[in-house]
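Have a look at the structure below before the remarks.
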Amino acid sequence: MKSILHILLVFSIIIWTGSCRNNFVDDGSVRVDDDFKDLFYADSNGITGADGIFSIELLNGSSIFLLGDCFLGTVKDGARDFNTTMLRNAFIVLDKGQAHSRAIYKGEYEDPVTLMKPVNAPGDSTYRWYWPAHGFVKHDTMYVFSLNMYNEPSSVEKSDKPEEELDEVDKLAEDKFAFRVGGIDLHTFTLPDFKYIETKKAGFNYAENKIDFGNCVMVDGEYVYIYGTKNSPGLAKVHTARVPLNSKTFHNNWEYSTGDGWDKDIKRSIPIEIDLGVSEQFSIFKFQEKYILLTQERGGEDIFTYTSDYPNKGFSNKKFIYHTPEHDLDSTKKIHTYNALAHPQFIENNELLVSYCVNSIRVRDVFENVENYRARFIRVPMNLILNENSKENLESKQKSAELKPLSFSAEPAPEWTALMERSSGWFGADGIFSIPLDGIEDQNNKDKKTLFIFSDTYIGEVENGVPKPGNVMVNNTVAWMTGVKPDKSKILFEYNKDMEGNPISYFTPDNKNSKDGEYFWLGDGFINHKKDALYIFAYHVHKTGPNVFDFEQTNISLLKIDKPTSKGIRKSDQIPTDLGFVHPEYGRIYFGSGIFVNTKKANAPNPDGYVYIYGIAEGNKSLLAAKVKPDKFEDIAKWTFWDGIQWVSNKEKAVPITNGVSNELSVTPTEDGRYLLTFTVLGLSEKIGIRVGDSPVGPFGEIHEVYTCPEYAEKGLLPYNAKAHYHLSSPGELLISYNTITFDFWEDIQKDASIYHPRFIKVKYK
């Protein structure tokens, strides 16, 4: 029991007088994760409480937590016995996929020993111990920094109590309350057995510079970045050092950030400038394209974050994250919180795991109630950290909460379906997209001119519902319609012809990405007012076998048509892109499945000037999103992709908005500022679904299965690719099309022409 009081040492470094709490109010988006706390601590046969709580992700997916003063023993009725064993440091490992943790220390449970102990110099009897800091992993070795601590009895503050009123714990406090940091050491351990190898002193003069390097470590690219605070007059500042990741030693040969560069001289180190005293322990980590600094205000109860494009400077976008409530809830005001840390390897559902330590300045509190010395864990939405427009985001959430949930009712639209039932020339197709030729998404415009684009199309004659011999299939066709009512006299179906008058496709692959045997399926398209042209997505497709579903989509081209007329559509420019690619996690991805033009000229209700392009990840039929200004549409390098939190330039950082959608779909606005995502559930099913979102990229809510296509039950047809046609719909209603096909399509189409043309329904919402 001789060292129990040193549980306060870590705590007392960061508690200082004169701190004032900012009067922030938590917006409710942060949640407490008690499940993780329960997983972390044990009430018997394990560690019952600790602070420090740095974590390092191991190469096998597990994580190790580096603990400072920690108790090992049994908890009874929520309390620890005063004789409970305390270790100065230990590790906790959370193995991947396991529902429990395991502690690592020397010795046996009945007779445990602190894991890391300093070796005194000859003749030095000073009591010393290690306060673990942060670390990193390289190959099969783990590197852990520690602060080398020691006592300074001459500075002990005596209790004001009379001697006869002091109990054993109070006396212990008087004996052991003074301490100092003597230097920074680096320990190495083998993995996966955590066998100790050696300890090296950090290669700078700690006595002269007093920077506690190692209290945050980040591996990024070719370097290991080592951070530490210096307790200088004013706010505690963060200094940055770095060492090459391929270095043979990591304890020396550092270079230090000068703000604009790096220098071997520590005296030229320039700290990161932020308007807050950083806590002794803190976190800097990289999340996709941003560096994030998370810290608890030194001496305070509030947690903040900053973001930057650099690991050593330029931190801004200050965000209040959370007010730790433990001090406020304690009537004695002895309980405090400190040293919040981020654990980015545990990000789930775009929520960051954050820990903070809890302790009391009265020693007996940590025995009488174990919760007074157990770290807490919270989950912080990443958009709360990264969103530059958090105020607007909260206002949007408030607005969404005030809106009533939408209800839907659906019915067939036989008059529209009849428009596609034909017996001469064009008699069947899929892939129907509708494009208003003025580029304006308005409704009930009786003079509206519409271009329909189709993919695989059958041309020939039909008698008694059966195609006559000699019918052919081409890969893309069009139709031109005037007005917004289904009138066969106002629509003209057209297909391209060769010199002999034989049906051919309008568009065939002819660019640097083209390969022999490929053909184009058409994605969505739109009129680009900035370019005064029609753009259509075209998928490079090739057959892989004899069956109808034996095909593969690879590359994607943009078709640019300067004159979208019956004659002009025969001429197009093909712009190759890299928008069709294989993602290491989500599989084959291709963009162009749907387009939402969110510009004022297109009559968008809440325009931001961007064109939104939706893509599909084949693995789970997941939806992804990109956006670009209309005048930059052809320059794919100017596109950005939604990573779940922000727009980034790297398409491989895109993450799914939602899952279970179809290869073709639509996003359309409502009158009250919401957005409707319309699709065939799971890509190929009898269910047409709508999700309601707060923005063009969501978040989208649950699936409303608005309609069950009867063709599956009645004729065994497979419905797919449902989508809405906004400018052909009436207010408060969506005109929705869907396609049908069969598994034995090549045979079935020759028996029944009706199996292969678009069907329509109308869905009302309110």
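Each residue of the sequence shown is one higher than the one before, starting from 0 at the first, in numbering that gives the first Met the number 0. C-beta: ideal position from N, C-alpha, C; glycine also. None of these values were measured; they are calculated from a predicted model.
Simplified DSSP assignment, three categories, for residue i
i, result
"residue 78", "strand"
"residue 126", "coil"
"residue 544", "coil"
"residue 327", "helix"
"residue 726", "helix"
"residue 43", "coil"
"residue 253", "coil"
"residue 289", "strand"
"residue 221", "coil"
"residue 711", "helix"
"residue 764", "strand"
"residue 27", "Annotation note: pLDDT 40 at residue 27 (below 50); position unreliable, coordinate value reported separately. Note: residue 27 maps to coil in three-state DSSP."
"residue 15", "Low confidence applies here, because residue 15 scores a pLDDT of 32, under 50, leaving its location unreliable; read the following figure in that light. Of the three classes helix, strand and coil, the one that applies to residue 15 here is coil, per DSSP."
"residue 35", "helix"
"residue 590", "strand"
"residue 653", "coil"
"residue 9", "Only weak support is given to the placement of residue 9: the predicted model assigns it a pLDDT of 36, under 50, and the question is left unresolved by the model."
"residue 314", "coil"
"residue 659", "coil"
"residue 120", "coil"
"residue 624", "strand"
"residue 366", "helix"
CB-CB length for residue i against residue j, believed under 8 Å
i, j, result
"residue 189", "residue 140", "6 Å"
"residue 705", "residue 412", "Actually they do not touch by this definition, with Cβ atoms about 13 Å apart."
"residue 739", "residue 710", "5 Å"
"residue 719", "residue 683", "5 Å"
"residue 236", "residue 191", "Incorrect: roughly 37 Å between the Cβ atoms, too far for contact."
"residue 612", "residue 590", "5 Å"
"residue 383", "residue 489", "Residue 383 to residue 489, Cβ: 52 Å. No contact."
"residue 283", "residue 215", "5 Å"
"residue 428", "residue 476", "6 Å"
"residue 49", "residue 69", "3 Å"
Proximity below 8 Å, CB of residue i to CB of residue j
i, j, result
"residue 53", "residue 340", "yes"
"residue 407", "residue 737", "no"
"residue 640", "residue 625", "yes"
"residue 178", "residue 149", "yes"
"residue 610", "residue 699", "no"
"residue 200", "residue 182", "yes"
"residue 614", "residue 644", "no"
"residue 695", "residue 580", "no"
"residue 651", "residue 430", "no"
"residue 523", "residue 506", "no"
"residue 665", "residue 723", "yes"
"residue 629", "residue 679", "no"
"residue 464", "residue 752", "yes"
"residue 478", "residue 451", "yes"
"residue 353", "residue 377", "yes"
"residue 79", "residue 369", "yes"
"residue 67", "residue 88", "yes"
Which listed residue (the options) has its alpha carbon closest to that of residue i
i, options, result
"residue 735", "532, 355, 686 and 351", "686"
"residue 303", "331, 316, 311 and 312", "316"
"residue 65", "444, 621, 114 and 107", "114"
"residue 571", "453, 563 and 607", "563"
"residue 105", "117, 80 and 90", "90"
"residue 343", "285, 517, 358 and 386", "285"
"residue 296", "356, 432, 259 and 246", "356"
"residue 447", "727, 599 and 235", "727"
"residue 246", "221, 333 and 228", "221"
"residue 708", "743, 539 and 759", "759"
"residue 35", "69, 373 and 328", "373"
"residue 669", "729, 59 and 362", "729"
"residue 351", "31, 747 and 750", "31"
"residue 225", "255, 608, 518 and 690", "255"
"residue 703", "47, 252 and 659", "659"
"residue 556", "67, 573, 45 and 566", "573"
"residue 636", "251, 577, 462 and 61", "577"
"residue 145", "331, 210 and 715", "210"
"residue 757", "721, 748 and 731", "721"
Chain D contact for residue i (CB, 8 Å cutoff)
i, result
"residue 740", "Absence of chain D from the displayed structure is noted, only one protein chain being present."
What are the complete alpha helix (DSSP H) segments, minimum 4 residues, inside the stretch 403-481?
413-418
What are the uninterrupted segments assigned as beta strand (DSSP E) that are 3 or more residues long and contained completely in the stretch 487-563, given in chain order?
490-493, 518-527, 532-542 and 550-560
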